[in-house]
Amino acid sequence: MRRVGESRVAVVTGASSGLGRATAYQLAARGWRVAVAARREHELERTAAGCRERGGEALVVPTDVTREDAVMRLAEETLAEWGRIDAWINNAGVTLFAPLEGGSLADHRQVIETNLHGALHGVRAVVPVFRRQRHGTLINIGSVLSKIGHAFVPSYVISKFALHGLSEALRVELAEYPDIHVCTVFPYAIDTPHFQVAANDLGRHVNAMPPVQSPDKVARAVADLVDHPRRQRFVPRIAELGLVLHRVFPRTMERLLYRALGRFHLGVDEPPAAGNLFRPPAEASAIHGRRPPRLGTPAFLAWAARELLRIEVDAARHRLKQWHVTRTTP
């Protein structure tokens, strides 16, 4: 365990923008030393500068998480610099907006390589360190889509379901280490540059589905988990209600999600884009995206309640029609 007054050390992947950068800032403000990793060194330097401005120390390690040797080097350089790793946050991720039969198979595989295998590489790099130390916290950034399906992001959903499974399996393997914690965060849509840089084969602009979360809010939840580990954390907490409803009324909730696609998710026509699957974007990155004003949580819930009522009315009419047909058919 760490000595009193000794700064703790965290590794954050995907730290060049969005939630990763926001999480690095949160940890730095709490006195952590933070090793920041992503593909773009110049953006990592910006993240590191922000960490130092907030009172923390930072180490820049350019890393492509799809390469296990690069992730191993990330762990080695962090240990060489500070001699310990107290927390590891698997945050790096990419998205392809496309139906399952759309996009190339290589594109779908790259999503899984980054989101799932990138996290697996992190696990293989840091768990031996945690075992030697007999303490440490691993946080996998999942998604509400680790629990339920969604249209037009099949490879993303596959990767996030599997990431949740990785957390569950690892937790059992480490059951004899009471001070090694495995946590999963399940955020709803986050207002980061994610939607601007994702690969897109839909021919439509894609907006974040409300209620959209601030990356700073999610980053605070991640930093809180490092200090007070729990098996899982939903952001916002009301997302758990949606999962309960999905378990109880799966068909109804699937219809609601489908209706929400046209109402909120899919925008104007736009040409296909390769996004950041294989190459990071050239332009400067930020924490927040360019999200237009959308419905907040209360208004979205009001819309959802109205749509659920319409869905149930439509279903009742369909059942009545079917009953009438069976009664009148000889």
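The opening position of the sequence shown corresponds to residue -5 in this note's numbering, with each subsequent residue numbered one higher.
Using N, Cα and C, we set each Cβ at its ideal position, and we do this for glycine too.
Going along the chain, which residues of its own chain have a beta-carbon closer than 7 Å to the beta-carbon of residue i, five neighbours each way excluded?
i: Ala280; result: Ser11 and Pro187
i: Pro266; result: Asn194, Asp195 and Gly197
i: His144; result: Val151 and Leu251
i: His240; result: Ile142 and Met247
i: Ile106; result: Ser149, Ile152 and Ser153
Quick one: residues in its chain with C-beta nearer than 6 Å to the C-beta of residue i, no 5 flanking neighbours on either side, listed in chain order?
i: Arg34; result: Ser10 and Pro274
i: Leu38; result: Ser10, Val30, Ala32 and Val54
i: His102; result: Ser149
i: Asn134; result: Asn84, Ala113, Leu157, Ser161 and Thr178
i: His111; result: none
i: Arg(-3); result: With a pLDDT of 43 at Arg(-3), under the threshold of 50, the modelled position of this residue cannot be trusted; read the value that follows with caution. Excluding sequence neighbours, Arg(-3) sits near nothing in its chain.
i: Thr41; result: Ala9, Arg15, Ala18 and Val30
i: Glu62; result: His115
For my contact list, residue i and residue j are in at a C-beta cut-off of 8 Å; report their separation, rounded to the angstrom.
i: Phe16; j: Asp210; result: It should be noted that the sequence gives Ala, not Phe, for residue 16. Right, the Cβ-Cβ distance comes to about 5 Å (below 8 Å), so this counts as a contact.
i: Ala74; j: Arg48; result: Wrong, their Cβ atoms sit about 24 Å apart, outside the cutoff.
i: Val229; j: Ala81; result: Rounded, the Cβ-Cβ distance is 18 Å, inconsistent with contact.
i: Gly8; j: Gly87; result: 6 Å
i: Arg78; j: Gln127; result: 7 Å
i: Leu271; j: Leu90; result: 7 Å
i: Gly116; j: Val176; result: So it is not a contact: roughly 12 Å between Cβ atoms.
i: Ala18; j: Leu68; result: The pair is not a contact, with the Cβ atoms about 14 Å apart (cut-off 8 Å).
i: Ala202; j: Phe189; result: 6 Å
Hey, out of the options, whose CA is closest to residue i's CA?
i: Arg227; options: Ser140, Leu168 and Gly256; result: Ser140
i: Asp218; options: Ala163, Glu95 and Thr178; result: Thr178
i: Leu260; options: Arg78, Leu196, Arg225 and Ser161; result: Leu196
i: Thr131; options: Ala298, Arg224, Leu237 and Leu255; result: Arg224
i: Gly44; options: Pro56, Leu68, Glu62 and Gly14; result: Gly14
i: Glu51; options: Gln20, Pro244, His312 and Thr57; result: Gln20
i: Val6; options: His36, Arg61 and Asn85; result: Asn85
i: Val138; options: Gln207, Arg257, His282 and Ala268; result: Gln207
i: Gln104; options: Pro56, Ser153, Ile142 and Glu62; result: Ser153
i: Ile184; options: Leu235, Ser161, Glu264 and Ala213; result: Ala213
i: Leu251; options: Glu301, Thr57 and Ala192; result: Glu301
i: Tyr182; options: Gly136, Arg304, Leu110 and Ala293; result: Gly136
i: Val121; options: Ile142, Val65, Gly256 and Gly236; result: Val65
i: Val147; options: Gly97, Ala276 and Trp297; result: Gly97
i: Glu234; options: Phe294, Ala163, Phe180 and Arg27; result: Phe180
i: Gly263; options: Val200, Thr72, Glu170 and Phe124; result: Before going on, a small fix: residue 263 reads as Asp here, not Gly. Among Val200, Thr72, Glu170 and Phe124, the Cα nearest to that of Asp263 belongs to Val200.
i: Gly256; options: Val242, Pro204 and Gln190; result: Pro204
i: Asp173; options: Gly269, Ala202, His222 and Gln190; result: His222
i: Val191; options: Pro93, Arg311 and Glu277; result: Glu277
Bridge partners of residue i, per DSSP?
i: Ile142; result: Answer is none; Ile142 lacks a bridge partner.
i: Arg48; result: DSSP lists no partner for Arg48.
i: Ile174; result: Gly130
i: Arg304; result: DSSP output for Arg304 lists no bridge partner at all.
i: Phe228; result: Phe180
i: Pro56; result: Ala32
i: Gln207; result: Ile184
i: Thr7; result: Ala31
i: Ala81; result: Ala4 and Thr131
i: Ala267; result: Asn194
Please list, in chain order, all residues of the same chain as residue i whose beta carbon is under 8 Å from its beta carbon, the five residues on each side excluded.
i: Arg249; result: Ile305
What runs of the beta strand (DSSP E), each 3 residues or longer, lie entirely inside the region 239 to 263? Counting only runs of 3 or more, we get 260 to 263.
Could you pull out every unbroken alpha helix (DSSP H) segment of at least 4 residues lying fully inside the region 83 to 138, listed in chain order? Within the region 83 to 138, the runs of alpha helix (DSSP H) that reach at least 4 residues and sit entirely inside it are, in chain order, 99 to 106 and 112 to 127.
List in chain order: all unbroken alpha helix (DSSP H) runs of 4+ residues lying wholly within the region 148 to 200. Listed in chain order, the alpha helix (DSSP H) elements of length 4 or more contained wholly in the region 148 to 200 are 148 to 167 and 188 to 191.
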